[in-house]
Amino acid sequence: MNDKYCEGCGVKLQSENVLQEGYTSSLDNNLCQRCFRIKNYGDYQVVTKSNEEYIEILKDIGKTKDLVLYIADLLNIEEDLMKIREYIPNKMLLVLNKRDVLPKSVKDEKIINYFESLDIPFEKIIVISSEKNYNIDYLLKQIKLYQTTNNVYVVGHTNAGKSSLINKLIRNYSTKFQELTISPLPSTTLNTVTIEINDYLTLIDTPGLVDSGSLINYLDKDMFKKINPRKEIKPKTYQLRKGQSVIIDNILRLDYKEGERNSFTFYVSNDLKVKRISASKPLLKDLQKITYEMKYNEDICINGLGFIKVVGKGTVDIYLDSKVTSYTRKSLI
């Protein structure tokens, strides 16, 4: 009986059915065919997994006393960071990843203070960039400080950078040759994957929670790469009067409907075209309209895309795919 699992995504290996998860031409291999093709050819195959499976994994983590790292994407913070606590009461570090895409002018202290003000029970809030190896040494020190056993679980939504972070920790601190499969698209990790970093630390990667309201679920690969920033964002600011409009590529339209002259700053990938248009043009008006009554210094967050900082009060209409969610919050920056 085979009990071998893919080192890249955690799925059980099998050599019988090429159409099923975990297929490999030989059980002597350490990777399934899907992970092999992602790593060597960038050939991503979409696999849909239900959140029910992931939630069962989270509940099992909650039955342990192990430390948990909750990885979040700074550009796309979940609306309800407390939701994870429904399943996991363990000690938990909030690890804010992808620091490299936010402007360098924003201080880490400001980001940390913002999340501390939300009064969510995390032992510590740590800002990192696994891409740039930023604050990874500090993260390891905090893991040592708070871990209760050798096992430390890594959880979070898809595309938050969990596997990339673990690969960075392997390269920095381990003599192991194992590497998790990473790709720019969601649902790459399919099951838990255990990686022994050293004698006192074993990381357990988990599949990402799939957010059905995220834009990344509804884009082709080329467009996904376009919205996924690879370097520091250059914010685009527009001073708008009532009756003026801005569009982001073919994804979103913003109409400023009511209020005094106002400042709108767009924190989205530099590869996207953000431009002011005449409000009389019908561009993107076939998308779903959502109206927000903005207070002073609030963000409109578009799930999977980024956020728009609005300085003054006013009424704003946005047009967006009906499957994609958005929300407002006190300004992060």
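Using this note's numbering, the final residue of the sequence shown is 334, and nothing's skipped along the way. Even glycine gets a Cβ: it sits at the ideal position worked out from N, Cα and C. Predicted model only: the values in this text are computed from it and were never measured.
- Under the criterion of beta carbons closer than 8 Å, Asn298 and Val312 qualify as touching, at roughly 6 Å.
- Short of 7 Å from the beta carbon of Asp109, and not among the five residues preceding or following it, lie these beta carbons of its own chain, in chain order: Val128.
- For Asn152, the enclosing beta strand (DSSP E) starts and ends at 152 to 157.
- Put simply, of Phe308, Val155, Leu166, Ser281 the residue whose alpha carbon is nearest the alpha carbon of Pro208 is Val155.
- The alpha-carbon separation between Ile252 and Asp4 amounts to approximately 45 Å.
- Under the DSSP assignment, Met93 falls in the beta strand (DSSP E) whose first and last residues are 93 to 98.
- Under the three-state reduction of DSSP, Asp120 is assigned to coil, being neither helix nor strand.
- The residue among Asp29, Asn173, Gln15 with its C-alpha nearest the C-alpha of Gly23 is Gln15.
- Taking Ser323 as reference, the option from Leu20, Ile228, Lys235, Leu216 with the minimal CA-CA separation is Leu216.
- Judged by pairs of C-beta atoms under 8 Å, the stretch 53 to 68 touches the stretch 143 to 163, as three or more such pairs exist.
- A residue is called buried once 16 or more other Cβ atoms fall within 10 Å of its Cβ, and Leu28, having fewer, is exposed.
- Ranked by Cα distance from Tyr268, the first of Leu220, Met295, Cys302 is Cys302.
- Taken through DSSP and simplified to helix, strand or coil, Leu146 comes out as helix.
- Pairing Leu333 with Tyr115 gives a Cβ-Cβ distance under 7 Å.
- Following the DSSP letters along the chain, one finds Tyr71 inside the beta strand (DSSP E) bounded by residues 68 to 74.
- Ranked by how close their Cα comes to the Cα of Asn229, the residues Asp272, Tyr239, Asp200, Thr195 have Asp272 in first place.
- In the structure shown, the three-state DSSP call for Ile291 is strand.
- By the neighbour-count definition (other C-beta atoms within 10 Å, threshold 16), Met83 is an exposed residue.
- Ile319 is positioned such that its CB atom lies no closer than 7 Å to that of Leu241.
- Judged by DSSP in its simplified three-state form, Leu216 adopts helix.
- Put simply, the backbone Cα of Ala73 is about 15 Å away from that of Ile137.
- The Cβ-Cβ distance between Asp206 and Lys163 falls below 7 Å.
- The Cβ atoms of Gln143 and Lys169 lie no closer than 7 Å to each other.
- The Cβ-Cβ distance between Val275 and Asn52 does not fall below 7 Å.
- As the crow flies, the alpha-carbon of Lys235 is around 12 Å from that of Val107.
- DSSP, read as helix, strand or coil, puts Lys125 in strand.
- When secondary structure is reduced to three states using DSSP, Leu210 falls in the strand class.
- Judged by their CB atoms, Ser165 and Ile198 are not nearer to each other than the 7 Å cut-off.
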